[in-house]
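Engineer:
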Amino acid sequence: MSKPRDRLRIAVQKSGRLSESSQDLLQRCGLKFRQSRDKLFCFGETLPIDLLLVRDDDIPGLIAQGVCEMGIVGRNVAQERRIEAQTTGTAGFVELRELGFGRCRLSIAVPNEDTFDGPQSLAGLRIATSYPHLLGDYLKRHEVAADVVVLNGSVEIAPRLGTADAICDLVSSGATLIANQLREVASILDSQAVLIGSATPLDERAEYAELLLRRIDGVIRVRESKLLILNAAQSDLAALLPLLPRGATPNVLARQGGITVQALCHEAVTWTHLEALKKGGASQLMVLPVESLLS
Ligand code: ATP
Ligand code: ZN
Numbered sequence: 517m518s519k520p521r522d523r524l525r526i527a528v529q530k531s532g533r534l535s536e537s538s539q540d541l542l543q544r545c546g547l548k549f550r551q552s553r554d555k556l557f558c559f560g561e562t563l564p565i566d567l568l569l570v571r572d573d574d575i576p577g578l579i580a581q582g583v584c585e586m587g588i589v590g591r592n593v594a595q596e597r598r599i600e601a602q603t604t605g606t607a608g609f610v611e612l613r614e615l616g617f618g619r620c621r622l623s624i625a626v627p628n629e630d631t632f633d634g635p636q637s638l639a640g641l642r643i644a645t646s647y648p649h650l651l652g653d654y655l656k657r658h659e660v661a662a663d664v665v666v667l668n669g670s671v672e673i674a675p676r677l678g679t680a681d682a683i684c685d686l687v688s689s690g691a692t693l694i695a696n697q698l699r700e701v702a703s704i705l706d707s708q709a710v711l712i713g714s715a716t717p718l719d720e721r722a723e724y725a726e727l728l729l730r731r732i733d734g735v736i737r738v739r740e741s742k743l744l745i746l747n748a749a750q751s752d753l754a755a756l757l758p759l760l761p762r763g764a765t766p767n768v769l770a771r772q773g774g775i776t777v778q779a780l781c782h783e784a785v786t787w788t789h790l791e792a793l794k795k796g797g798a799s800q801l802m803v804l805p806v807e808s809l810l811s
């Protein structure tokens, strides 16, 4: 595939756990795409940024080959590829942002009835996983010799089938492990969706990449942000300011008979905050969601 010179390409998972949140994030950044989403390629209508819909495992490689410049994958996929690439050279991509969705962990689990007293308990066992490099790295760090059995799906049933003694797989709620009579004994990686990008500098398209990164930062910040508004008497202001949620940036406006404080809060605004503020003299307290943010 020849490299597009004037448009940026972002690869996202075509269908799976990350698909919806990835496309939702890009839409919140103001990107709109033409063509139905089940196609491989979506043309960006609002900016020269196109979308490639592929299997998540292919994304790091597509970036390394220069087929696309950015992509969204689980950190588990990115790290697995990074360790794999250590023997051959560089991975060809860098992690640009944590995106706050697709949270899970890569964990080792053993059958409920088996004992586990630390990594050494894994010595000599057959461990089934789709992440041989991450698991291999963990075993190496703990100086444990075990057999790594690579499976590309249904890892959790391997102990019941007798093809492995333990597994190393992604866990979020843990329900799959419970359903398969397995017990999580060690977590080897905390994962979430990450934006990865080409390790080589982009040409003139760097401008679009930077624009997108700024918008992504805005979307991530806005997700946790709230606008707190309250009225008070000027004389209460000094006592009220320390009661605002930590990191809030207040704006004080003069009003007939008093002041209005508008505070942008990036941390949760709790009932405890509101009650303390009210006690400190604030009235007409209001907490509003923030739609967009550019600072
Ligand atoms: P593909 O067909 O694209 O290869 P897949 O089967 O590898 O899909 P999914 O199951 O859709 O992938 O998971 C995609 C990513 O979602 C994982 O790599 C991981 O980062 C994240 N994830 C979050 N929670 C879980 C979970 N409980 N199990 C598996 N993956 C999870
Ligand atoms: Zn996959």
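Count along the sequence shown from 1, then add 516; that gives the number in this note's numbering.
Idealized CB from N, CA, C, for every residue including glycine.
Predicted model, so just to flag it, every value in this text is computed and none were measured.
Does the segment 594-606 touch the segment 674-681, meaning 3 or more C-beta pairs lie closer than 8 Å?
Structural biologist: They do not touch, by the three-pair rule.
Engineer: Skipping 5 residues on each side, what residues in its chain have a beta carbon closer than 6 Å to that of residue 569?
Structural biologist: One-based indexing of the sequence shown puts residue 569 at position 53. Answer for residue 569: 530 and 556, listed in chain order.
Engineer: Starting from residue 715, trace the beta strand (DSSP E) both ways and give me its first and last residue.
Structural biologist: In the sequence shown, counting from the first residue as 1, residue 715 sits at position 199. First-last for residue 715: undefined, no H or E at that position.
Engineer: Take residue 673 as the anchor and find which of 697, 663, 655 and 810 has the nearest alpha-carbon.
Structural biologist: In the sequence shown, counting from the first residue as 1, residue 673 sits at position 157. Checked all of 697, 663, 655 and 810; the closest Cα to residue 673 is 697.
Engineer: Let me check you understand the geometry: is the CB of residue 587 closer than 7 Å to at least one non-hydrogen atom of the ligand ATP?
Structural biologist: Position 71 of the sequence shown, counted from the first residue, corresponds to residue 587. Result no, Cβ not under 7 Å from the ligand ATP.
Engineer: Nearest to residue 755 by CA position, among 738, 795 and 788, is which residue?
Structural biologist: Residue numbering aside, residue 755 sits at position 239 when the sequence shown is read from its first letter. The candidate whose alpha carbon is nearest that of residue 755 is 795.
Engineer: Please look up how many angstroms separate the CB atoms of residue 671 and residue 646, rounded, as I've assumed it's under 8 Å.
Structural biologist: Start at 1 with the first residue of the sequence shown, and residue 671 comes out as number 155. Start at 1 with the first residue of the sequence shown, and residue 646 comes out as number 130. About 6 Å; that satisfies the 8 Å criterion.
Engineer: Taking just the CA atoms, how far does residue 566 sit from residue 801?
Structural biologist: To locate residue 801, count along the sequence shown from 1; it is residue 285. To locate residue 566, count along the sequence shown from 1; it is residue 50. Going by the C-alpha atoms only, they are around 43 Å apart.
Engineer: Please go through the same chain and pick out, in chain order, the residues whose beta-carbon is closer than 8 Å to the beta-carbon of residue 564, but skip the five residues on each side of it.
Structural biologist: Your numbering for residue 564 matches position 48 in the sequence shown. So the qualifying residues of the chain are 522, 523, 524, 721 and 724.
Engineer: What number of angstroms, rounded off, separates the C-alpha of residue 780 from the C-alpha of residue 628?
Structural biologist: One-based indexing of the sequence shown puts residue 780 at position 264. One-based indexing of the sequence shown puts residue 628 at position 112. Taking the straight line from one Cα to the other gives about 48 Å.
Engineer: On a Cα-Cα basis, can you pick out the residue from 527, 782, 759 and 766 that is closest to residue 788?
Structural biologist: Your numbering for residue 788 matches position 272 in the sequence shown. For the residues 527, 782, 759 and 766, the minimum Cα distance to residue 788 belongs to 759.
Engineer: State buried or exposed for residue 572, treating a residue as buried only when at least 16 other CB atoms are found within 10 Å of its CB.
Structural biologist: The sequence position of residue 572 within the sequence shown is 56, counting from 1. Looking at its Cβ environment, which holds 16 or more other Cβ atoms inside 10 Å, residue 572 is buried.
Engineer: With a CB to CB cut of under 8 Å and the five nearest residues on each side skipped, what residues in its chain are close to residue 668?
Structural biologist: On the sequence shown, residue 668 is found 152 positions in, with the first residue counted as 1. So the list reads 646, once near-sequence residues are dropped.
Engineer: Any idea which residues DSSP pairs residue 696 with across the strands?
Structural biologist: Here residue 696 refers to the residue found at position 180 of the sequence shown. In DSSP, residue 696 forms no bridge with anything.
Engineer: Determine the burial state of residue 587: buried for a count of at least 16 other Cβ atoms within 10 Å of its Cβ, exposed for fewer.
Structural biologist: The count along the sequence shown starts at 1 and reaches residue 587 at position 71. With 16 or more Cβ atoms within 10 Å of its Cβ, residue 587 is classed as buried.
Engineer: How many angstroms separate the CA atom of residue 575 from the CA atom of residue 714?
Structural biologist: Here the question's residue 575 lines up with position 59 in the sequence shown. Here the question's residue 714 lines up with position 198 in the sequence shown. Roughly 11 Å between the two C-alpha positions.
Engineer: Is residue 751 close to the ligand ATP? I mean its beta-carbon at under 7 Å from any heavy atom of the ligand.
Structural biologist: For the purposes of this step, residue 751 is identified with residue 235 of the sequence shown, where counting begins at 1. No - the ligand ATP has no heavy atom lying nearer than 7 Å to the Cβ of residue 751.
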